[in-house]
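Protein chains in written order, with my numbering: chain A, 10 to 451; chain B, 10 to 451.
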C-alpha cells in the first residue's frame, strides 16, 4: 500500500484516490476518546452523589477534584467588582466589540411566530417562547474561555430566557476567572456559580438548594462534562445543546493557498487538545508539502507545542485528484470547522451539505469565528453536523402550535378527522369531533 | 387530608389550594412506564443483534416478535398498487385534504437563510440545509396510524431531505397497513420498510445491507421504540426528533364549558393507552362534577373503554381557586396537548410558557390537531415541552454558519481576536490571525 505514505513527520499523508471505501472511512474516523467505560462510571457516580446529597456532594467533589474548599458556590457582588477591576481595559473592550458582533449576527436567527388559515374558520399559529431556565457551562481547565461566556450568554439574552445561570470551575484560590465573570456580566447572565466538570452539569440539570435546576444545559467541555451532559439528557433530566466531542477542523486548500496561513490554521485547532482532529485536503501535492514544512517551523514557537504535536500525529494530510473529491470527502466527514483556502471559495459553498461553520478564503482564519466575527463557536463535532446545528438564538427557544376552529371551521374539516380516526380505530377521537358537528348540535 | 377526594369514581379529584408544594408536584407526576430496566436490557439486546448481524437479525427478530417470516422488508410496487386499490376513496381524499392543510401550516416554518455584515469587510451568513438521510417511524401496534405518516412525511418533503425512509410494522400476513402505504406515497416518502419496534429504529440508525442508515430518526412509538431511540441517540449513532413518553392532555375549563365536549376530549386522549395521562383543571366545581358524570356515560359506548378506564384511573380532576392558578399549574406540568375550554381562550395565550399544542375554545377538539387542522401531532411529552418543540420543517433542517473577511475586514476585527486569544492562553489562535494582519504582510 503506497496509498498511505507515513512521512514519519508531523501528520499522516494519504492519497484519496488510492483508497477503497473501507480505507476511506478509516481515514475519516475520529480519534475518539480513550477510557470511555471508566469515565462513564466515574461520571455516573458524581451524578448520583449530586442527586442524593445536593450541595454537600458538590462541596466534597469540588474539594476532591478542584482542590478547593468552597462554602458557597455563587459569585457575589464583591467578586464581580474585583473581576471588573482586574481585567485589562483592552480585553474588556475587545470582548464588548465581539459581543456586539455576536449580537448583530445572532439577532435575526430566532424563530418566528406566524399564523395560517388552513381552512375557512380554522386558524393555526406558531408561538415562540424562550426556554425559561437555561444553564451555561464555561470551561476553564487548560485555558479559561471568556469567549464561550459571550457565545452562550448573548443568544440566551436575545431569546429572553427568564433564568440564565452560568457555571465555571473555581481556581485553586477559590475565585473564578475574572475575564469569564466580566464576559458573563456583559451578556446579562443572571447568576454565576463556581462549579466545574460533571458536578456542574449535574447541579444545573438536577438543581440543589443553592443551584437552581435548568431545563436545558449549553456549552462545550472536557470529556467529563460531555459525558455528564450525555447521561443526564439520556435519563430525561435535562435537554442539551449538542452532543459534543473534541474540536476539529477540515481545510480544503488549492495550489494558490498560502502554506503559512494554512499551517497556522491547522495549529490553532491542534492546540486545543491532544484529541483535536485536523484534516487538510488538497489537490496540490506541492501545497501539502509546503504546509508540512511550515507546520514543523511554526510548532517551534508555540507554548502549547506538545499538545499540538500530539493532535497532529492523529491527523491527516489528504491528497485528492480534484476539488470535487475534496468536497465529497468533507460531506462524508461533516467537520465542525471548515476552511476553504480556495481562489473562488464562494463558488463552492453550494457543494457543502454538512459542516458547523465555514471560513472563506485566505483572510478568514478559524480564530475569527472562535472569537469575534459574530458567528457562534459552539458547534457540532464528531459528525453531528450531519443532523445538528450550532448554537443560535433558536436553541434557546421552543415553539408552541395553536389552533382555533369556529363552528363553521369544524364543520368544514371535522369530517376528515372522523374519517381518519375511524380508519385508525380510535373511536373516542371520532366522537370528540362528531359531538361538535352541526348534525349533533341540531 | 380532605384535599384529595377520591371519588372512587372515574378519576382522582383534587383541590389545588389545599396542597403544599410537594403534594402539588406529586399530583403533576406522570404515571411513568413500568419495567424500565428489563425493557432497557431487551432493547439493548435487539440493538446489539442488529449491529452485529444486520438483516439476518432483523429477520429473526421480526419472526419472533411480529410472528411473520419476511425475506425482504422493503415494500415493492405491487404492494403499493394493492394498497391503493384497498384504501376507500373517502379515506384517501380525507388524507389528501389533511396533507394539504399540514403543508399549508408547515411551509412557513422552515429555517431562513440570512446574511449580516458584522463589521466593514466581515460578512457572516447562515445557510440552511436539509438533513440528508431521515428515517420516519409509523406505529401500527394497537392501531395503525396513517396520520403519523402524513405528519412526518410532509415536513420531510418540504425540507427537501434527499433520502426519506419509513418503517412500519408488518402484519401477520406479511403486508403493511394499506392506509399507511397510501399516506407514505402521498407525501413523497422514498422507500418503505416493513419493520417495527426497537429493531426498526436500530435498522434506521445503524443501517443494514437492505435498510439505509439515517442521520435522524423521527416518530412516536411504544415503550420499545422510545427506548431504542434513546439508547441509539445516547450512543451517538443517530439524532432523534424528541424524547418521547406516553401521550397526555391537560384541559382548562371554566364554568361555561360544555361538560360533554370536555369529557369527550379527555376520553380521546385516554383511549391512546393505559399509560396516557389526562388532567382536567377548572375553577368551577359544578363543571368538574358534570364532566365526571359525562365520562361515565360516554365510556359505555367506547370500543376501547377498557384502555380509557385504566388511563383515567391514573389521571386527575383538579379544582383551582381561579384561572391564574390553572395556568401556573399547567406551566409547571408543560402538557403535550392543552385544551382551553374557556369563554375567552385567546386572552389567556400569553400566560402559556410551555406546551406542545394548544386547542382554543369549545369547537377545537384535540382530534382536529391529531389529524387535519394542519399542526403537527408529533409533540413533546413528559414535560419535554419545557425545552423542546414539536416536529416542524426546521426539525428536518440544520444550519451552517459562514464567514468571509476581506484583508480590510481582518485588519478591523483581527486585533480583537488576538487580544482574547492571548487572554485565553491560545497562542496558535492569536498567531493564525497575526500572520494575516497588515503589519505581518507588510
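For every residue, glycine included, the Cβ atom is placed at its ideal position computed from N, Cα and C.
Q | Top-ranked residue by Cα proximity to residue 147/A, from 87/A, 311/A, 347/A, 387/A | A | Ranking 87/A, 311/A, 347/A, 387/A by Cα distance to residue 147/A puts 387/A first.
**Q.** Reduced DSSP secondary structure (H/G/I, E/B, other) of residue 414/A
**A.** Looking at residue 414/A - three-state DSSP - the assignment turns out to be strand.
Q) Name the chain B residues whose beta carbon is nearer than 7 Å to that of residue 231/A? A) Neighbours of residue 231/A on chain B: none; closest Cβ ~15 Å, over 7 Å.
Q. When the Cα atoms are used, what is the spatial distance from residue 348/B to residue 209/B?
A. Using only the alpha carbons, I get a separation of about 33 Å.
Q: Quick one: using the 10 Å Cβ neighbour count with 16 as the cut-off for buried, is residue 93/B buried or exposed?
A: When all chains shown are included, residue 93/B counts as exposed.
Q) With contact counted as at least three CB pairs below 8 Å, one residue from each stretch, are the segment 226-239 of chain B and the segment 77-84 of chain B in contact? A) The segment 226-239 of chain B is not in contact with the segment 77-84 of chain B.
Q. Taking C-alpha atoms, which residue in 304/B, 131/B, 122/B, 59/B lies nearest to residue 382/A?
A. The candidate whose alpha carbon is nearest that of residue 382/A is 131/B.
(Q) Counting only beta-carbon separations shorter than 8 Å, does residue 104/B have a partner in chain A? (A) For residue 104/B, the answer is yes, since a Cβ of chain A falls inside 8 Å of its Cβ.
Q) Is it buried or exposed for residue 50/A, if we count other Cβ within 10 angstroms and need 16 for buried? A) Exposed: under 16 other Cβ atoms inside 10 Å.
Q. By the 10 Å Cβ neighbour count, where 16 or more other Cβ atoms means buried, how is residue 447/A classified, buried or exposed?
A. Counting Cβ neighbours within 10 Å, residue 447/A comes out exposed, since fewer than 16 surround it.
**Q.** Nearest candidate by alpha-carbon position, reference residue 417/B, set 399/B, 445/B, 403/B
**A.** The closest CA to that of residue 417/B, considering only 399/B, 445/B, 403/B, is found on 445/B.
Q) Going by other Cβ atoms of all chains shown within 10 Å of its Cβ, with 16 needed for buried, is residue 312/B buried or exposed? A) It counts as exposed.
Q.
On the DSSP letters alone, give me the boundaries of the beta strand (DSSP E) that residue 140/A sits inside.
A. Element bounds for residue 140/A: n/a, residue is neither H nor E.
(Q) So, at 6 Å on beta carbons, what are the nonlocal neighbours of residue 385/A in its own chain, with the 5 sequence-adjacent residues on each side left out? (A) Shown here for residue 385/A: same chain residues with a beta carbon closer than 6 Å to its own, the five before and five after excluded, namely 160, 399, 400 in chain order.
Q. Out of curiosity, what's the CA-to-CA distance linking residue 116/B and residue 425/A?
A. Residue 425/A has its alpha-carbon roughly 21 Å from the corresponding atom of residue 116/B.
Q.
Using a Cβ-Cβ cutoff of less than 8 Å, which residues in the same chain neighbour residue 221/A once the five nearest sequence positions on both sides are dropped?
A. Setting aside the 5 residues that flank it on each side, residue 221/A is surrounded in the same chain by 142, 172, 174, 200, each with a C-beta closer than 8 Å to its C-beta; the list follows chain order.
Q) Can you check whether the CB of residue 95/A is closer than 8 Å to the CB of residue 192/A? A) Cβ atoms of residue 192/A and residue 95/A: not closer than 8 Å.
Q. Counting only beta-carbon atoms, is residue 210/B nearer than 8 Å to chain A?
A. Residue contact with chain A for residue 210/B: absent (no Cβ-Cβ distance below 8 Å to any residue of chain A).
Q.
Let me see if you follow: with CB-CB separation under 8 Å, is residue 114/B close to chain A or not?
A. So, interface residue.
Q: Can you tell me the Cβ-Cβ gap for residue 359/A and residue 368/A, rounded? I've got them flagged as a contact below 8 Å.
A: With a Cβ gap of about 17 Å, residue 359/A and residue 368/A do not count as contacting.
Q. Residue 248/B CB to nearest chain A CB: under 8 Å?
A. Residue contact with chain A for residue 248/B: present (Cβ-Cβ distance below 8 Å to some residue of chain A).
Q | For residue 306/A, the first and last residue of its enclosing alpha helix (DSSP H) | A | For residue 306/A, the enclosing alpha helix (DSSP H) covers residues 294-308.
Q.
Can you tell me whether residue 419/B is helix, strand or coil according to DSSP?
A. When DSSP states are grouped into helix, strand and coil, residue 419/B belongs to the helix group.
Q) Using a Cβ-Cβ cut-off of 6 Å (strictly less than) and excluding sequence neighbours within five positions of residue 437/B, which residues of its own chain qualify? A) The beta carbon of residue 437/B sits closer than 6 Å to none of the beta carbons in its chain outside the five residues before and after it.
Q: For residue 128/A, write down the residues that DSSP places opposite it in a beta bridge.
A: For residue 128/A, which the question treats as bridged, DSSP gives the partners 131/A.
Q) Going by beta carbon distance, what residues of the same chain come within less than 6 Å of residue 431/A, once the five residues before and after it are set aside? A) Answer for residue 431/A: 439, listed in chain order.
Q. Just curious, the alpha helix (DSSP H) that residue 375/B is in, first and last residue?
A. Counting along the chain, residue 375/B sits inside the alpha helix (DSSP H) bounded by residues 375-380.
(Q) Need the endpoints of the alpha helix (DSSP H) that residue 50/A sits in, please. (A) Where residue 50/A is concerned, the enclosing alpha helix (DSSP H) stretches over 45-75.
Q. So is residue 30/B in contact with chain A if we call contact Cβ pairs under 8 Å?
A. Taking 8 Å as the CB threshold, residue 30/B stays off the interface with chain A.
Q) Is there a Cβ from chain A that is less than 8 Å from the Cβ of residue 227/B? A) Chain A, which has no Cβ nearer than 8 Å to the Cβ of residue 227/B, makes this no.
Q | C-alpha gap between residue 392/B and residue 270/B, whole angstroms | A | So the alpha carbons of these two residues sit roughly 25 Å apart.
**Q.** Any chain A beta carbon closer than 8 Å to residue 239/B
**A.** Interface residue (Cβ-Cβ distance to chain A less than 8 Å): residue 239/B is classified as such.
Q: Determine which residues share a DSSP beta bridge with residue 408/B and list them.
A: Bridge pairing for residue 408/B: 137/B [DSSP].
Q: Tell me whether the beta-carbon of residue 326/B lies closer than 8 Å to the beta-carbon of residue 297/B.
A: Yes, they are a contact pair.
Q) Distance, Cα to Cα, residue 412/B vs residue 422/B? A) For residue 412/B and residue 422/B, the distance between alpha carbons rounds to 13 Å.
Q | Strand pairing of residue 288/B, partner residues [DSSP] | A | Residue 288/B is bridged to 259/B, 325/B.
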